[in-house]
Amino acid sequence: MMEQLKNKNVVLCVTGGIAVYKAVELLRLLQKQGAKVRVIMTRAAMEFVTPLTFQALSGEPVFTDLFNDNTVDASIRHIRWAEDADLVVVAPATANIIGKMAHGIADDALSTFLLAVRSRIVICPAMNTAMYESRAVQRNIDILENDGCLLIEPGVGDMACGTSGAGRFPAPADIVDRILTLMTPKDLKGRCVLVSAGPTREAIDPVRFISNHSSGKMGYAIARAAERRGAMVTLVSGPVDIEPPLHVKLVKVQSADQMKEAFLDAMGDADIAVKVAAVADYRVKNQAEHKIKKTEEQLVLELEKNPDILKCAGQKKRSDQVLVGFAAETQDLKENAVKKLEAKNLDMIVGNLVGGGKGFGTDDNTVTFFFKDGRVESLESMDKDQVAHILLDRILSLHSKGQ
Ligand code: PMT
Numbered sequence: 001m002m003e004q005l006k007n008k009n010v011v012l013c014v015t016g017g018i019a020v021y022k023a024v025e026l027l028r029l030l031q032k033q034g035a036k037v038r039v040i041m042t043r044a045a046m047e048f049v050t051p052l053t054f055q056a057l058s059g060e061p062v063f064t065d066l067f068n069d070n071t072v073d074a075s076i077r078h079i080r081w082a083e084d085a086d087l088v089v090v091a092p093a094t095a096n097i098i099g100k101m102a103h104g105i106a107d108d109a110l111s112t113f114l115l116a117v118r119s120r121i122v123i124c125p126a127m128n129t130a131m132y133e134s135r136a137v138q139r140n141i142d143i144l145e146n147d148g149c150l151l152i153e154p155g156v157g158d159m160a161c162g163t164s165g166a167g168r169f170p171a172p173a174d175i176v177d178r179i180l181t182l183m184t185p186k187d188l189k190g191r192c193v194l195v196s197a198g199p200t201r202e203a204i205d206p207v208r209f210i211s212n213h214s215s216g217k218m219g220y221a222i223a224r225a226a227e228r229r230g231a232m233v234t235l236v237s238g239p240v241d242i243e244p245p246l247h248v249k250l251v252k253v254q255s256a257d258q259m260k261e262a263f264l265d266a267m268g269d270a271d272i273a274v275k276v277a278a279v280a281d282y283r284v285k286n287q288a289e290h291k292i293k294k295t296e297e298q299l300v301l302e303l304e305k306n307p308d309i310l311k312c313a314g315q316k317k318r319s320d321q322v323l324v325g326f327a328a329e330t331q332d333l334k335e336n337a338v339k340k341l342e343a344k345n346l347d348m349i350v351g352n353l354v355g356g357g358k359g360f361g362t363d364d365n366t367v368t369f370f371f372k373d374g375r376v377e378s379l380e381s382m383d384k385d386q387v388a389h390i391l392l393d394r395i396l397s398l399h400s401k402g403q
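According to the numbering used here, the sequence shown is numbered sequentially starting from 1.
Structure follows, in C-alpha cells:
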C-alpha cells in the first residue's frame, strides 16, 4: 500500500453503463490503498448493479436520491460529502454526465454533488466508440480538462455493443495507478532516471540458458515510483513476467552484453541511474549452435566473465550524475556492499540480504543503504514500492546537493 491514498476520503461517482460492475473492483482497489470510499450512483447505474453491492463493500449507505431519502442528513449530504472529499472519481463516466458536468447541470444527486466539489476530479469515460468520438463529447471533455479535471483515456478494443474502438472502461488497476500518480508530489520533474531490472539470460544453446530468480519487482517498483514523481524514466529490463509501469520507456534485453549496450547508451541522458538488475556474472564461452544432445555422461560448460556493467557506468559517470547499485549478498552484507560501492565508483549502494526466500521474487524487501560518505541507513522490512520511494528520497537529496 502506498501512502498517497491512506485515510483519504474518496467519492466514487458511478453512472450508468455496462462497465458499472468494474467500478466494484475499482472500489476494492481504492480501499486496498487505504482510501475511505463513499459511493454515489445515478438511477441508470442502478439498472446495472444494485446500490446494495456498493453499500456492502463501502460500509456506508450509497447516495442515490436528493429527496426520497429518510436518513438524517440526506438533504445536505451532497454538500457534506463534497466538502469532505479529498478526491472524486467518476467511473464509469457516461456521455450524459460528461455533458452535464461541462455545462454545470445539476438535476440529480450525483450531478448536484459534482457541482459542489472543490477537490480534484478524475473522469473515466466508458461508452460506444462513435459516442466517445462525437464532437459533442470531445468538446465537453476539452471543457472538463480545461476546468482541471483529470481524464483517464478509455481503452481501445472490443465493445459490449459488438463494435471495436476507443471507449472501453480502463482497467481498474490502471485507474488506481493514474490516481496515485495524480496524488504524488512531482519532486523528480525534469529529471531523467535510468533503471535496470530483472535477470539476464546467457544462452547455452538455442533452447537453454543460465539465469537467476530475479522477478524484476524491485527495479520495476523504482521505475514506477520515479515516473509517478514526475521523472522521465528509461527501464532497461531483462526477461520478466510482470507488467511494465505506465509511461516509461521500456528497453527489453536478454543477455548481459545487450544490457550493457542499452544501459550505457541511456546513461548519457540520465541524471540518476539505478542498477537493480541481477546480471549473470558469467556466460558460456562457446555457445552451441544447435541443441546439445544428451550423448555424454557428463557435460562440462566453460564459462567466461561477463562485463561488469555497473563498473563501466561508474567509469563513465559525470559529476552531475548520481549512480546507485544494489548488492545482493548471502553473508557479510556491509563488507561486501561497501567493497562494491568503492570498486564501482558509486554514490550509494543498496545492500540486500538474499537467499532463504528473501529478496528475489518477493513483494517485500529488507535493505540497508550505504552512502559514499560512510553513512549507513537500515530499513525495516517493507513493500518494494515503499523501499523504492524511500530510496528515491535519498537519491534526490544526493542529486540536489550535487552529491
Ligand atoms: O527482481 P526482484 O525479484 O525484485 O529481486 C530484487 C533483487 C534481489 C534482484 C535486487 O534487490 C538486488 O539485490 N539486485 C542486485 C543483484 C546483483 O546482481 O547483485 P550483485 O551483488 O551481484 O551486483 C552488484 C551490482 O553490480 C548490481 O547493481 C548489479 O546490477 C551490478 N552488476 C553485477 C554484475 C555485472 N556483470 N554487471 C553489473 O552491472
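Heads up, the beta-carbon is just placed ideally off N, CA and C, and yes, glycines get one too.
C-beta contact flag for N68 and T15 at 8 Å: Cβ atoms of N68 and T15: not closer than 8 Å.
Continuous beta strand (DSSP E) stretch holding A203: start and end: 202-205
Status (buried if at least 16 other CB within 10 Å, exposed otherwise) for P245: Residue burial annotation: P245 is buried, with at least 16 other C-beta atoms found within 10 angstroms of its C-beta.
Any non-hydrogen atom of ligand 1 within 7 Å of T272 CB: Here residue 272 is Ile; the residue named in the question, Thr, does not match the sequence. No; taking the cut-off as 7 Å, the Cβ of I272 has no heavy atom of ligand 1 nearer than that.
Distance between L301 and G314 (C-alpha atoms, nearest Å): 31 Å
Closest residue to V137 among M159, A116, G99, T163 (Cα-Cα distance): G99
Element boundaries [alpha helix (DSSP H), containing L452]: Missing from the structure shown is residue 452; the chain here goes from 1 to 403 and no further.
Inter-residue Cα distance where the pair is P206 and D347: So the alpha carbons of these two residues sit roughly 39 Å apart.
Runs of beta strand (DSSP E) lying entirely within the stretch 277-335, each at least 3 residues, in chain order: 282-284, 303-305, 322-329
Through-space distance from G165 to G157, alpha-carbon basis: 5 Å
Residues that C192 bridges to, as DSSP identifies them: M232
Buried/exposed call for P185, threshold 16 Cβ in 10 Å: exposed
Per DSSP, the bridge partner or partners of M348: Paired residue(s): V324, F371.
CB of T234 within 8 Å of CB of L194, strictly: yes
Residues that N9 bridges to, as DSSP identifies them: K36
Minimum C-alpha distance to I395 - residue among E60, V324, T330: Among E60, V324, T330, the Cα nearest to that of I395 is on V324.
C-beta contact flag for A197 and V276 at 8 Å: When the beta-carbon positions are compared, A197 and V276 come within less than 8 Å of each other.
Near ligand 1: N306 beta-carbon under 7 Å from a heavy atom: yes
Rounded Cβ spacing between H389 and A225 (contact assumed at less than 8 Å): The pair is a contact, with the Cβ atoms about 5 Å apart (cut-off 8 Å).
Residue span of the beta strand (DSSP E) that contains L250, given as start and end: Annotation: the continuous beta strand (DSSP E) that includes L250 extends over 249-252.
Heavy atom of ligand 1 within 7 Å of F464 beta-carbon: Because the chain spans 1 through 403 in this model, residue 464 falls outside it and cannot be assessed.
Collapsed DSSP secondary structure at M183 in the structure displayed: helix
Own chain partners of A223 with C-beta closer than 6 Å, once the 5 adjacent residues on each side are dropped: Cβ neighbours of A223 beyond the five flanking positions: V195, V233, L235, P245, V248.
Own chain residues within Cβ distance below 6 Å of V274, not counting five before or after: The residues are V195, I222, V324.
beta-carbon V193 near ligand 1 non-hydrogen atom, thresh 7 Å: no
Whole-angstrom distance between H103 and G410, CA atom to CA atom: Not covered by the structure: residue 410. The range shown for the chain is 1 to 403.
Chain-order list of residues whose beta-carbon lies under 8 Å from that of Q287 (same chain, five-residue window excluded): A203, I204, D205
Bounding residues of the alpha helix (DSSP H) (the contiguous stretch that carries K384): 384-400
CA-to-CA distance, G34 to D257, given in whole angstroms: 43 Å
Residue(s) in a DSSP beta bridge with E377: F369
Complete runs of the beta strand (DSSP E) confined to the stretch 111-155 [at least 3 residues]: Taking only runs of at least 3 residues, the beta strand (DSSP E) segments lying wholly in the stretch 111-155 are 120-125.
8 Å Cβ cutoff met for A19 and F209: no
Ligand 1 heavy atom lying under 7 Å from the CB of F63: no
M41 in three-state terms, based on DSSP: strand
Residues bridged to G167 [DSSP beta-bridge criterion]: DSSP lists no partner for G167.
Whole-number beta carbon distance between Y132 and G167, since they are thought to touch under 8 Å: Rounded to the nearest angstrom, the Cβ distance from G167 to Y132 is 4 Å, consistent with a contact under 8 Å.
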